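Engineer: Take this structure first; my questions come after.
In the numbering used here, the protein residues as written are 81 to 183.
Rendered as structure tokens:
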């Protein structure tokens with residue numbers, strides 16, 4: 081994997097996180113939210129960012145649990161998902177990229 085592709089992935093995280101947060105505004109679209117986290121987890125792992133993948137996978141599992149139980153996300157679930165997105169978004173900050181925190 082080239083450093084350029086990894087760099088582009090990291091800088092695209094903010095948009096991906098924004099897209100996920102937009103889906104969270106539609107509480108009836110839990111399947112789309114699950115897919116968003118699943119896709120991010122897969123792509124992050126492919127680009128060599130296991131920490132991003134792990135956080136995304138945990139968020140996906142939280143969404144899947146709500147789907148399996150046929151219930152909406154609770155306020156606590158939503159807070160955990162937002163914390164996950166904030167954590168993921170951190171990996172796209174210039175400090176994280178320039179300091180070697182990412183990768």
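C-beta atoms are modelled at their ideal positions from N, C-alpha and C, and glycine is treated no differently.
As the structure is a computational prediction, the values presented were derived from the model and not from experiment.
To which residues of the same chain is residue 98 closer than 7 Å at the C-beta, ignoring the five residues directly before and after it?
Structural biologist: By the criterion of a C-beta distance shorter than 7 Å, residue 98 is surrounded by no residue of its chain, once the five residues flanking it on both sides are discounted.
Engineer: Could you check whether residue 132 and residue 171 sit closer than 7 Å to each other, using their CB atoms as the reference points?
Structural biologist: Yes, the Cβ-Cβ distance between residue 171 and residue 132 is below 7 Å.
Engineer: Grab me the residues of residue 162's own chain with a C-beta within less than 8 Å of its C-beta, minus the 5 sequence neighbours each way, in chain order.
Structural biologist: 101, 104
Engineer: How should residue 166 be labelled, buried or exposed, when 16 other C-beta atoms within 10 angstroms of its C-beta is the threshold for buried?
Structural biologist: exposed
Engineer: Unbroken alpha helix (DSSP H) runs of length 4 or more, entirely within the segment 101-138: which are they?
Structural biologist: 110-126
Engineer: Nearest-angstrom Cα distance between residue 156 and residue 121?
Structural biologist: Cα-Cα distance, rounded: 22 Å.
Engineer: Residue range of the alpha helix (DSSP H) that residue 169 falls in?
Structural biologist: 155-170
Engineer: For residue 96, does the count of other Cβ atoms within 10 angstroms reach 16, so buried, or fall short, so exposed?
Structural biologist: Here residue 96 is buried: its Cβ has 16 or more other Cβ atoms, across all protein chains shown, within 10 Å.
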